[in-house]
Amino acid sequence: MDSLDDAFEQHYSQDNGRPSKPIRLMVGLLLLKQLENLSDERVVLQFKRNPYYQYFCGYSNYMPGMPCNATELVHFRKRIGVKGFNLIFKMSVALHGKQAQESTVLIDTTVQEKNITYPTDAKLAIKIINRLNKLAKRHGIQQRRTYVKEVKNCRLSIRHFRHVKKRAKAKKALTRLRTIANKLIRVTTQTSHTQPV
C-alpha cells in the first residue's frame, strides 16, 4: 500500500484545502466495490455496517460513521485515471503471486443472471416475417405487401398483454401477427415455385 501512497500523492496538494481521505481507504473501497459489484452509495453504507470492510480499508477499530461521501469515490476515480486503475490491478496481482496467474478458473454460475430472451409467440412470428421479407428481397421475389408498418403497430399493441383493459387488443394483435406470418409463408413458397431460378 505504501507504493500506492507514493504513486497517488502527486494528485494531492499538501498545503491548501481540506485534508483528503487516506489513500488506503479510497483504494480499499474501490476494490470492495468491484469485488462485491456494489454502487458507490452501497459500498459506503456497507463500510459503515461491516467491520471486516473497515479492517480491509486500514481501520483497526470499529468506526460507526460514514468514511466519506459517495461522490468522493467518483472524484478519486477521476483523479487517478486509467493509469491508477492499472497500478491497483498490478498491486493486487503481485499480492497473490502465482495464484493470480492460474491457467483455468472455476466459476459457479448457478446464481448469475443470464441474458436470455424467451421465444414468445409474438417474437417468433415477427422473426419469421422479417426473415421472409429478407429472403424475398435477396432472391428478387416480388411481394404485394411486406406488412412492415402493420407489424410495428402489432408489436406496440402486444406489449400491453398483461394490462387487463388492453388484453383483448393485444390478443387481436398477436392473432394478426400469426396470420401475417402464415400468409407470407404461403405467398413466398408459391411465388418461389412459379418463378424461374
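Counting the sequence shown from 1 gives a position; the working numbering is that position plus 42.
All C-beta atoms, glycine included, are put in the ideal place defined by N, C-alpha and C.
Among residues of its own chain, excluding the 5 on either side of residue i, which ones have a beta-carbon nearer than 7 Å to its beta-carbon?
{"i": "ALA112", "result": "ASP82, GLU83 and VAL86"}
{"i": "ILE65", "result": "LEU46, ASP47 and PHE50"}
{"i": "HIS138", "result": "none"}
{"i": "PHE98", "result": "GLY70 and LEU74"}
If you follow the alpha helix (DSSP H) that residue i is in, where does it begin and where does it stop?
{"i": "ILE222", "result": "209-236"}
{"i": "ASP114", "result": "Note on identity: in this sequence residue 114 is Glu, with Asp being the wrong assignment. It spans 112-138 - the alpha helix (DSSP H) in which GLU114 sits, taken as one unbroken run."}
{"i": "SER199", "result": "190-200"}
{"i": "ILE171", "result": "163-181"}
{"i": "LEU87", "result": "82-91"}
{"i": "GLN76", "result": "65-78"}
Could you pull out every residue in the same chain whose Cβ sits closer than 8 Å to the Cβ of residue i, ignoring the five residues on either side in sequence?
{"i": "TYR104", "result": "PRO93 and GLN96"}
{"i": "MET68", "result": "CYS110, GLU114, LEU115 and PHE118"}
{"i": "ILE170", "result": "ALA223, LEU226 and ILE227"}
In chain order, what residues of the same chain lie with their CB nearer than 6 Å to the CB of residue i, ignoring the 5 residues before and after it?
{"i": "THR146", "result": "none"}
Could you tell me how far apart the beta carbons of residue i and residue j are, in whole angstroms, since I believe they sit closer than 8 Å?
{"i": "LEU74", "j": "LEU115", "result": "Contact flag wrong, Cβ pair sits at about 11 Å."}
{"i": "LYS63", "j": "CYS110", "result": "5 Å"}
{"i": "ILE122", "j": "HIS53", "result": "6 Å"}
{"i": "VAL229", "j": "GLN185", "result": "7 Å"}
{"i": "GLN200", "j": "ALA210", "result": "First, the amino acid is wrong: residue 200 is Ile here, not Gln. With a Cβ gap of about 12 Å, ILE200 and ALA210 do not count as contacting."}
{"i": "PHE50", "j": "GLY100", "result": "With a Cβ gap of about 14 Å, PHE50 and GLY100 do not count as contacting."}
{"i": "LYS90", "j": "MET108", "result": "5 Å"}
{"i": "LYS208", "j": "HIS202", "result": "4 Å"}
{"i": "GLN88", "j": "LEU80", "result": "7 Å"}
In terms of alpha-carbon separation, which member of the options lies closest to residue i?
{"i": "CYS196", "options": "GLY123, HIS181, ILE168 and THR188", "result": "ILE168"}
{"i": "VAL190", "options": "LEU226, LYS211, ASP163 and SER234", "result": "LEU226"}
{"i": "ASN224", "options": "PHE203, ASN172 and GLU51", "result": "ASN172"}
{"i": "GLN232", "options": "LEU174, HIS205 and VAL206", "result": "LEU174"}
{"i": "ASP299", "options": "ARG66, GLN88, LEU77 and LEU219", "result": "Only positions 43 to 239 of the chain appear in this structure, which leaves residue 299 out of reach."}
{"i": "ALA215", "options": "ARG180, HIS181 and LYS165", "result": "LYS165"}
{"i": "GLU192", "options": "SER234, THR221, GLN76 and LYS132", "result": "THR221"}
{"i": "SER234", "options": "GLU78, LEU177 and GLN143", "result": "LEU177"}
{"i": "THR236", "options": "HIS205, ASP150 and ILE183", "result": "ILE183"}
Measuring only between beta-carbons, confirm whether residue i sits less than 8 Å from chain D.
{"i": "LYS225", "result": "No chain D is part of this structure, which consists of one protein chain only."}
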